[in-house]
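Visitor: Take a look at this one; I'll ask things after.
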Amino acid sequence: MLNLKFLRDNLDEVERRLATRGGVVDLGDVRTLDESRRSLLSEAETLKAERNQVSALIGKTKDKSQVQGEIARMKDVSGRIKELDEELRQVEESLNGLLLTLPNLPDAKCPLGQSEEDNPEISTWGEPTKLGFEPQSHWDLGEKLDIIDFERATKIAGSRFALLKGAGARLERALINFMLDTHTQGDKYTEVLPPFMVNRASMTGTGQLPKFEDDLFHLDDPDFFLIPTAEVPVTNIYREEILDGAQLPICFVAYTPCFRKEAGAHGRDTRGLIRQHQFNKVELVKFARPEESDAELDQLLADAEGILQALKLPYRVVDLCTADIGFSAARTFDIEVWLPGQQLYREISSCSNFRDFQSRRASIRFRREAGSKPEFVHTLNGSGLAVGRTVVAILENYQQEDGSVVVPEVLRPYMGGMEKIG
RNA sequence: GGAGGAGUGGCCGAGCGGCCGAAGGCGGCGGUCUUGAAAACCGUUGAUGCGCAAGCGUCCGUGGGUUCGAAUCCUACCUCCUCCGCCA
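This note's numbering puts the first residue of the first sequence at 753, with every later residue one more than the last.
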């Protein structure tokens, strides 16, 4: 959520900066609602002040017959207050509803662009793998090795599900453990295992609601949502809390499955593990002081890159342009891993700084020192990494001409010493 | 699922329908004393909205209601605790 005061004073600038995300932005309604809110508020508060005064007087008066007139008048005043409060409630509901649909302001440093084509590549690591033979796709490899069964997953659940088997299931589990162990080394990140279902307030806090309900799996009774990323439950750990500034930054790492409807992706990535309704992810989440969040984003990105480097998987980093950053983000770096089967780089991690956008929605604040005023923290998160896509990358990059797959060295201890699948 | 009990400030804990944003304690902060620290003593210490400010408003789990006036009364919901049942 944007700062209403800032928005009020810089309406044109906000419109212009939001428009860099694409489309036209008209904040006229925000102005109108804000103005009527303030005028209703001041009228209601004046009456409340009067009522408080007169009621105190009535209270002090022993002989109530002397104040019958005041009591009658206050009855009217109270009626009027009730009307105004109701009007105010409606205006605030509209205003708040509107504010909740406005995306975050892109950072000044966020590159301008019209589409993902305009995302500048800022670094590369390793060389795209040269296999010396015709590479197979991970879905062919997986099926031939009998470690991924898409057909039966479809029978059990439906399309966009996978059944991992044998060394495939073991590889997924090995990756989760390897990632968690790596990130928690030296107490950099504290491991958490959060609920996989959350309520509406949590979804609103991180920005999935109210705009993106269609992308979420929902349970009617109780009114819960399956998490689309661990970002949601982990960021909401501190919703409506005031943190001690001395403890910042607070860094969490969480493994969770993630559930997404992929409603807008019909026909895209229908084969393979790339786009599933359910996938595993190890997520990094940080709560930082505002002045430190840029540096924390760099570190977060480096931590995510560290996993790919340890696995010796080639990748590049792109700086998402204004048209491509997510709703809640102010700045985002994507890590894209090389996939020989498809001969392209594919997103495997997305690392973002949300600044105070989520912390305003979720009311997550901190005190610099005892006695100072609460300020909003900056929240950040990034995949460290998407596990399913890491399996894809390993199968495709480590495949051999005979269709077997070499297990990356760092994973062997997690695979019971297995050096090769197949 | 059934039966009881409870939700007050960072924490514990008082609170008669008006003098309660809320006693008291702990903790925090500042000070006195001390070579320094502890102890003791004194003072101070919630959040938020509108406003340049003075100030005014709001917040005692959440939402409704009664009343001139609600932390205090009524009501629904939420959460927690105890007991019974069921259960990985």
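The C-beta atom is built at its ideal place from N, Cα and C for all residues, glycine as well.
#1: Looking only at C-alpha atoms, which of D967, V944 and L945 sits nearest to M955?
#2: Could you check the C-alpha separation between M826 and D973 for me, to the nearest Å?
#3: Assign D737 to one of three DSSP states: helix, strand, or coil.
#4: Given a cut-off of 8 angstroms, decide if Q888 and G1093 are closer than it, judged by their beta-carbon atoms.
#5: My understanding is that I979 touches M949, with C-beta atoms under 8 angstroms, so please give their C-beta distance in whole angstroms.
#6: Grab the span of the alpha helix (DSSP H) containing Q805 for me, first residue to last.
#7: For the alpha helix (DSSP H) containing H890, list its first residue and its last residue.
#8: Going by beta carbon distance, what residues of the same chain come within less than 8 angstroms of E924, once the five residues before and after it are set aside?
#9: Sorted by chain position, which residues of the same chain lie with C-beta nearer than 7 angstroms to Y941's C-beta, five sequence neighbours on each side aside?
#10: If I'm right that P1001 touches F1039 with Cβ under 8 angstroms, what's the distance once you round it to whole angstroms?
#11: Would you call the CB atoms of K812 and R1083 closer than 8 angstroms?
#12: Going by C-alpha to C-alpha distance, which of T1008, P855, G878 and E1099 sits closest to F964?
#13: Under 8 angstroms by Cβ, that's how I've got R1119 and R1027 pegged, so tell me the actual separation to the nearest angstrom.
#14: Taking a contact to mean a Cβ-Cβ separation below 8 angstroms, would you say A1145 touches V1089 in this structure?
#15: I need the straight-line Cα distance from R1068 to L793, nearest angstrom please.
#16: State the Cα-Cα distance for the pair N1133 and R832, rounded to the nearest angstrom.
#17: For T987 and Q1110, which I take to be in contact (beta-carbon distance under 8 angstroms), what is that distance rounded to the nearest angstrom?
#18: Please report the straight-line C-alpha distance between F977 and A1017, rounded to a whole angstrom.
#19: I need the straight-line Cα distance from D1154 to A914, nearest angstrom please.
#20: Which residues in the same chain as R904 place their Cβ atom closer than 6 angstroms to its Cβ, once the five residues preceding and following it in sequence are excluded?
#21: Just to confirm my understanding: we take E873, look at its own chain, exclude 5 residues before and 5 after, and list those with CB closer than 6 angstroms. What are they?
#22: Taking 7 angstroms as the limit between beta carbons, can you name the residues of its chain near E1175, skipping five residues before and five after?
#23: Between which two residues does the alpha helix (DSSP H) harbouring T958 extend?
#24: From this set, I989, Q818, D764 and P1126, which residue's C-alpha is nearest T857's C-alpha?
#25: Taking only three categories from DSSP, how would you classify H1029?
#26: Count the other CB atoms within 10 Å of the CB of D1055; is the residue buried (16 or more) or exposed (fewer)?
#27: Where G920 and S1156 are concerned, what is the direct C-alpha to C-alpha distance, given to the nearest angstrom?
#28: Put T906 into one of helix, strand or coil per three-state DSSP.
#29: Tell me whether H1018 sits in a helix, a strand or coil according to DSSP, three-state version.
#30: Tell me the DSSP bridge mates of M949?
#31: Going along the chain, which residues of its own chain have a beta-carbon closer than 7 angstroms to the beta-carbon of T981, five neighbours each way excluded?
#32: For a minimum of 3 consecutive residues, which ranges assigned as the beta strand (DSSP E) are wholly contained in the region 1076-1163?
#33: In angstroms, rounded to a whole number, what distance separates the CA positions of Q1051 and D778?
#34: Kindly give me the distance between the Cβ atoms of N1149 and T881, rounded to whole angstroms, as I take these residues to be in contact under 8 angstroms.
#35: Could you tell me if I908 is buried or exposed, where buried requires 16 or more neighbouring beta carbons within 10 angstroms of its beta carbon?
#36: Enumerate in chain order the residues of its own chain whose CB-to-CB distance from G894 is below 7 angstroms, with the five nearest sequence positions on each side excluded.
Guide: In short, the structure shows the following:
#1: Relative to the Cα of M955, the nearest Cα in the group D967, V944 and L945 belongs to D967.
#2: So the two alpha carbons sit approximately 44 angstroms from each other.
#3: The chain is shown from 753 up to 1174; residue 737 falls before or after that span and cannot be answered.
#4: yes
#5: About 7 angstroms separates the two Cβ atoms, so the contact holds.
#6: Looking at the DSSP string, the run of the alpha helix (DSSP H) that includes Q805 is G780 to K812.
#7: H890 to K896
#8: Result list for E924: L916, N1032, V1139, G1140 and V1143, in chain order.
#9: H935, C1003, F1004, V1005 and L1036
#10: 6 angstroms
#11: no
#12: P855
#13: With 8 angstroms as the limit, R1119 and R1027 do not qualify as a contact, their Cβ atoms being about 43 angstroms apart.
#14: yes
#15: 53 angstroms
#16: 48 angstroms
#17: 6 angstroms
#18: Between F977 and A1017, the C-alpha separation is close to 20 angstroms.
#19: 24 angstroms
#20: Answer for R904: L915, listed in chain order.
#21: R1068 and V1070
#22: No answer is possible for residue 1175: it lies beyond the span of the chain, which begins at 753 and ends at 1174.
#23: Counting along the chain, the alpha helix (DSSP H) containing T958 begins and ends at R952 to T958.
#24: Checking the displayed sequence, the identity of residue 857 turns out to be Leu instead of Thr. Checked all of I989, Q818, D764 and P1126; the closest Cα to L857 is D764.
#25: Here H1029 sits in coil by DSSP.
#26: buried
#27: Approximately 12 angstroms between the Cα atoms of the pair.
#28: helix
#29: coil
#30: L978
#31: C1010, K1033 and E1035
#32: 1083-1091, 1096-1107, 1116-1119, 1126-1128 and 1130-1138
#33: 36 angstroms
#34: 5 angstroms
#35: exposed
#36: I900, G920 and L1147
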